[in-house]
Structure formats: C-alpha cells, structure tokens
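Engineer:
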Amino acid sequence: MNVMRIAMLGLSLTMGNLAGSAQQATIPFAQIERDSQFKAIVTAQGGEVTASLSPAAIAATPLSAGIERVPQLTIPRIANSRFYLLNGLHLGMAVLDVELTQHCIATHQCREGNPLLPSSLAGKLSVESALVAYGSFVSYRLKKRKSKLWWLPPMAGIASHGAGAATGLAHW
Numbered sequence: 113m114n115v116m117r118i119a120m121l122g123l124s125l126t127m128g129n130l131a132g133s134a135q136q137a138t139i140p141f142a143q144i145e146r147d148s149q150f151k152a153i154v155t156a157q158g159g160e161v162t163a164s165l166s167p168a169a170i171a172a173t174p175l176s177a178g179i180e181r182v183p184q185l186t187i188p189r190i191a192n193s194r195f196y197l198l199n200g201l202h203l204g205m206a207v208l209d210v211e212l213t214q215h216c217i218a219t220h221q222c223r224e225g226n227p228l229l230p231s232s233l234a235g236k237l238s239v240e241s242a243l244v245a246y247g248s249f250v251s252y253r254l255k256k257r258k259s260k261l262w263w264l265p266p267m268a269g270i271a272s273h274g275a276g277a278a279t280g281l282a283h284w
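Numbered per the numbering used here, the sequence shown spans residues 113 to 284.
#1: If you measure between the beta carbons of LEU198 and MET267, is that distance less than 9 Å?
#2: Are the stretch 202-218 and the stretch 273-281 in contact at 8 Å, needing three or more beta carbon pairs?
#3: Quick one: what does DSSP say THR186 is sitting in, helix, strand or coil?
#4: Considering only C-alpha positions, which residue in the set PHE195, LEU261, ARG194 and ILE270 is nearest to LEU243?
#5: Using a Cβ-Cβ cutoff of less than 6 Å, which residues in the same chain neighbour SER251 once the five nearest sequence positions on both sides are dropped?
#6: For a quick check, are the C-beta atoms of LYS236 and PRO227 less than 9 Å apart?
#7: Determine whether the beta carbon atoms of ILE190 and LYS260 lie at a separation below 9 Å.
#8: Here's the rule I'm using: 16 or more other beta-carbon atoms within 10 Å means buried, otherwise exposed. How should SER248 be labelled?
#9: Can you find the residues in the same chain that come closer than 6 Å, C-beta to C-beta, to VAL210, ignoring five residues on each side of it along the sequence?
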C-alpha cells in the first residue's frame with residue numbers, strides 16, 4: 113500500500129512540474145485594457161515619477177521598458193474529426209480482424225495468412241496495434257505537411273483488415 117502512495121505522490125509531483133510556470137502564461141491584454149486603469153512608474157536619476165494613464169493612451173502608444181504585445185497564435189488543427197474517424201476505424205478493423213481470426217483458428221476452420229504474426233492473441237494484438245500506431249503517425253505527418261494523401265495509410269489498413277475480417281466472418 114505504501115508503494116502505491118509513493119507512486120501516486122511521485123506522479124502528482126511530476127504532473128505539477130509539467131504544468132508550466134506562471135511566467136509563460138498568456139496575458140489577456142484586451143481584458144486588462146477594459147477593466148483597469150494603468151499606472152506607469154518611471155524611475156529617473158533624480159527619483160521616482162508616477163503618472164496615471166488611461167487605456168486609450170496606452171493602446172495608442174507603443175509599450176516600452178521591454179514589454180511587448182504578442183498576438184496569440186492560432187495553430188491549425190491537424191488531428192480533426194476525419195483524422196480520428198479514419199484512424200479509429202483502422203484500429204477497430206485491426207482488432208476485429210485479430211479476434212475473428214483467433215476464433216476461426218480455435219475452431220480449426222482456417223489458419224493465419226500472415227506467417228510473421230505470433231500465434232497468441234496478445235502477440236497479434238501487440239503487432240497490429242504497433243502497425244496501426246505507425247500508420248497513424250505517417251498519416252499525421254502527411255496531414256501536417258498538408259499532403260492530400262494523408263488518408264492513404266489508414267485506408268490501406270482498413271482495406272487489408274477488412275479483407276481479413278470478411279474471411280473470418282465467412283468461416284464463422
């Protein structure tokens with residue numbers, strides 16, 4: 113029980129450190145301009161000078177003293193619903209193919225067509241999930257590079273596992 117508590121404590125500490133620091137947080141400048149009055153403090157050689165500025169004056173003048181306004185970047189969404197649909201269908205067809213093939217082999221009505229796959233269920237699922245992961249990775253990289261053929265790796269997997277699942281259903 114103590115090992116579990118230590119593991120959970122280590123996991124929570126690790127996740128807390130991965131959250132990022134407050135220095136990297138984005139500042140909502142539009143909200144600040146609407147809601148508050150700004151105060152500028154300028155330090156000169158002779159002492160400190162304080163001045164109150166309105167949000168309109170700050171928006172009209174460029175910021176100084178090393179502060180820059182950086183517009184928020186919009187990152188294009190690469191993994192959208194079509195990407196998840198095709199790669200999820202590829203994974204589902206791979207699992208269905210393995211399960212139907214294992215059932216067919218168990219009833220001695222057929223045999224595995226791929227001699228490189230292991231004979232156990234766990235071995236087959238491991239190999240197939242690795243192949244699906246690689247196909248998803250290639251698909252993601254193609255989509256990120258704006259290639260129109262990003263759908264080809266999951267569709268090839270869907271077609272090949274569809275043929276295997278159809279064979280398994282035929283021998284059910």
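Backbone N, C-alpha and C fix where the C-beta goes; we use that ideal spot for every residue, glycine too. Small disclaimer: the values here were computed from a predicted structure and weren't measured.
Structural biologist: In this structure, then:
#1: yes
#2: yes
#3: coil
#4: ILE270
#5: TRP262, PRO265 and PRO266
#6: no
#7: no
#8: buried
#9: LYS236, LEU237 and GLU240
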